Amino acid sequence: MQPVKGLKHVAKAKKHSDFLFLGETIPPSSRRVIELEAAKLYTDSPLSIPIEVIHGSAPGPVLMINAAIHGDELNGVEIIRQLLNTLDEKKLKGTLIAVPIVNVFGFIHKSRYLPDRRDLNRCFPGSERGSLASRMAHTFFSQVAERCDYILDLHTGAIHRTNLPQIRADLSSKETLRIAQAFATPVIIDSPLRDGSLRSEAEKQQIPVLTYEAGEALRFDPIAINAGIIGIKRVMQAIRMLRSSRKKTPTSVIAKSTSWLRAEADGILRTLVSLGDKVEKGQVLAYINSPLGKLEVEIRANKSGIVIGQQTLPLVNEGDAVFHLAYFHQDDEIIEQVVGEFIEELTEADLDPLTTGHIVTL
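Numbering of the sequence shown is given in the working numbering, commencing with residue 1 and proceeding in unit increments.
As structure tokens, this is what we get:
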């Protein structure tokens, strides 16, 4: 394999040969569905993580795309389903490992967490003898994640919170920065590594990881889904798994910092701004009212920035996180333009993400 410019990693599948994975032998130009047993139900029935491996026709890197580490985050599941339907193994270099549902327990119960109430994304690298969450993390990390050269980890906001499509990554790594810019969400957040997360543990193994955040838990968001599919294909082009496109990659802007604005009263929330909106310092973003209207409390922007996340439930308690703002070194008007062009491109595209695998040709 010819080294990618600026790339220090070497793909583990150096020769054009079979790919050995979880006891399976996958020939070039083929795909295989594999079930990784992760735990058992009370009935002693096995519970497995579904995985599809596409082994390309030529050598290249090993890329994992995973979703639903939090079991209620569904956009990534649909992104992977559509992506798999658009890929031709004969035109692929390297190997794609697609894991649409990591937290199968949470997915079945429509829950972010595992039955032991632990967050799987705080339990990596896990342990063979730890809690249920720790054991699942160990199985997934040691048998799947460590096999990869790159990881794209797909997420959404929590229940009743939605996110503007964004990439979160440790940008101190030049290769991570390069693929983050290739993904081309309007906003990239230089996010510190969090102990116990898949991203943190993979980066310790020198595996670049992007966390894609978009949309809301337990909901399909067409813009989030379409942006995810297109962004993943751009990354695959950047690491030479797919043929490069002549189309110019859209501009991304790196946020210098972010913060949440919280409710200062209990009541009914009336929001005045939406995801992607530019806000000025001191601008009223929402009102909190009592049911009879006697109370009215304003939520104002503490700085000028862009709305990248917000609560969707109109009922708030004092202290609830309501708006997530990103702040930039660049002129906010430039950021607003980037976000506007991004949303316009996706909303005007001829896409039907919930019924087909069709996406815009790159």
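Every residue gets a Cβ at the ideal spot worked out from N, C-alpha and C, and that includes glycine.
Just so it is clear, the structure is predicted and the values come from calculations on it, not from any experiment.
Using the Cα positions of residue i and residue j, report the straight-line distance between them to the nearest angstrom.
{"i": "residue 20", "j": "residue 26", "result": "6 Å"}
{"i": "residue 114", "j": "residue 246", "result": "44 Å"}
{"i": "residue 385", "j": "residue 314", "result": "The structure shown does not extend to residue 385, since the chain spans only 1 to 362, so no value can be given for it."}
{"i": "residue 121", "j": "residue 59", "result": "31 Å"}
{"i": "residue 129", "j": "residue 118", "result": "15 Å"}
{"i": "residue 46", "j": "residue 39", "result": "6 Å"}
{"i": "residue 275", "j": "residue 52", "result": "34 Å"}
{"i": "residue 280", "j": "residue 339", "result": "16 Å"}
{"i": "residue 239", "j": "residue 88", "result": "17 Å"}
{"i": "residue 273", "j": "residue 256", "result": "22 Å"}
{"i": "residue 195", "j": "residue 66", "result": "19 Å"}
{"i": "residue 285", "j": "residue 299", "result": "6 Å"}
{"i": "residue 178", "j": "residue 324", "result": "25 Å"}
{"i": "residue 359", "j": "residue 234", "result": "Residue placement at residue 359 is poorly supported in this model, since its pLDDT is 36, which falls under 50; the coordinates still yield a value, given next. Distance between the alpha carbons of residue 359 and residue 234 is about 13 Å."}
{"i": "residue 342", "j": "residue 306", "result": "14 Å"}
{"i": "residue 320", "j": "residue 16", "result": "53 Å"}
{"i": "residue 63", "j": "residue 222", "result": "24 Å"}
{"i": "residue 132", "j": "residue 150", "result": "26 Å"}
{"i": "residue 96", "j": "residue 231", "result": "15 Å"}
{"i": "residue 137", "j": "residue 283", "result": "43 Å"}
{"i": "residue 346", "j": "residue 241", "result": "24 Å"}
{"i": "residue 183", "j": "residue 176", "result": "11 Å"}
{"i": "residue 41", "j": "residue 83", "result": "30 Å"}
{"i": "residue 293", "j": "residue 322", "result": "20 Å"}
{"i": "residue 139", "j": "residue 225", "result": "28 Å"}
{"i": "residue 187", "j": "residue 103", "result": "27 Å"}
{"i": "residue 152", "j": "residue 251", "result": "20 Å"}
{"i": "residue 85", "j": "residue 287", "result": "45 Å"}
{"i": "residue 134", "j": "residue 209", "result": "20 Å"}
{"i": "residue 308", "j": "residue 99", "result": "27 Å"}
{"i": "residue 205", "j": "residue 81", "result": "28 Å"}
{"i": "residue 291", "j": "residue 180", "result": "45 Å"}
{"i": "residue 37", "j": "residue 143", "result": "11 Å"}
{"i": "residue 207", "j": "residue 259", "result": "28 Å"}
{"i": "residue 109", "j": "residue 334", "result": "42 Å"}
Sort out for me which residues DSSP pairs residue i with in a bridge.
{"i": "residue 289", "result": "268, 296"}
{"i": "residue 278", "result": "306"}
{"i": "residue 284", "result": "300"}
{"i": "residue 166", "result": "187, 213"}
{"i": "residue 311", "result": "161"}
{"i": "residue 153", "result": "66, 211"}
{"i": "residue 255", "result": "189"}
{"i": "residue 316", "result": "267"}
{"i": "residue 364", "result": "There is no way to answer for residue 364, as the model of the chain reaches only from 1 to 362."}
Ordered along the chain, which non-local residues of its own chain (more than five positions away) have a Cβ less than 6 Å from that of residue i?
{"i": "residue 90", "result": "29, 57"}
{"i": "residue 336", "result": "278"}
{"i": "residue 327", "result": "256, 257, 303, 305"}
{"i": "residue 127", "result": "134, 138"}
{"i": "residue 105", "result": "114, 115"}
With a threshold of 7 Å on Cβ separation, who are the neighbours of residue i within its own chain once the five nearest residues in sequence on each side are excluded?
{"i": "residue 289", "result": "267, 268, 270, 295, 296"}
{"i": "residue 168", "result": "189, 191, 211, 213"}
{"i": "residue 107", "result": "68, 71, 101"}
{"i": "residue 111", "result": "71, 72"}
{"i": "residue 44", "result": "none"}
{"i": "residue 318", "result": "263, 264, 265, 266"}
{"i": "residue 185", "result": "165, 166, 167, 227, 231, 252"}
{"i": "residue 199", "result": "153, 193, 209, 211"}
Can you list, in chain order, the residues of its chain whose CB lies under 8 Å from that of residue i, leaving out five sequence neighbours each side?
{"i": "residue 228", "result": "75, 76, 79, 154, 165, 212, 214"}
{"i": "residue 24", "result": "32, 34, 53"}
{"i": "residue 18", "result": "25, 26, 27, 28, 55"}
{"i": "residue 330", "result": "253"}
Compare the C-alpha of residue i against each of the options and name the closest.
{"i": "residue 145", "options": "160, 341, 132, 124", "result": "124"}
{"i": "residue 301", "options": "262, 339, 335, 292", "result": "262"}
{"i": "residue 61", "options": "201, 237, 308", "result": "237"}
{"i": "residue 310", "options": "151, 345, 41, 157", "result": "157"}
{"i": "residue 172", "options": "152, 186, 193, 159", "result": "193"}
{"i": "residue 93", "options": "273, 243, 285", "result": "243"}
{"i": "residue 48", "options": "64, 73, 22", "result": "22"}
{"i": "residue 170", "options": "163, 186, 160, 197", "result": "197"}
{"i": "residue 201", "options": "328, 148, 110", "result": "148"}
{"i": "residue 162", "options": "218, 209, 152", "result": "218"}
{"i": "residue 203", "options": "225, 141, 160, 253", "result": "141"}
{"i": "residue 312", "options": "216, 291, 37", "result": "216"}
{"i": "residue 160", "options": "316, 206, 81", "result": "316"}
Kindly indicate if chain D contains any beta-carbon less than 8 Å away from that of residue i.
{"i": "residue 77", "result": "This model lacks chain D altogether, as it is built from one protein chain only."}
Length-filtered (3 minimum) beta strand (DSSP E) runs lying within the region 73-148
93-99
Would you list, in sequence order, the uninterrupted alpha helix (DSSP H) runs of no fewer than 4 residues that lie entirely inside the region 15-75?
none
Just to confirm the assignment: which complete alpha helix (DSSP H) runs, minimum length 4, are found wholly within the region 208-242?
222-238
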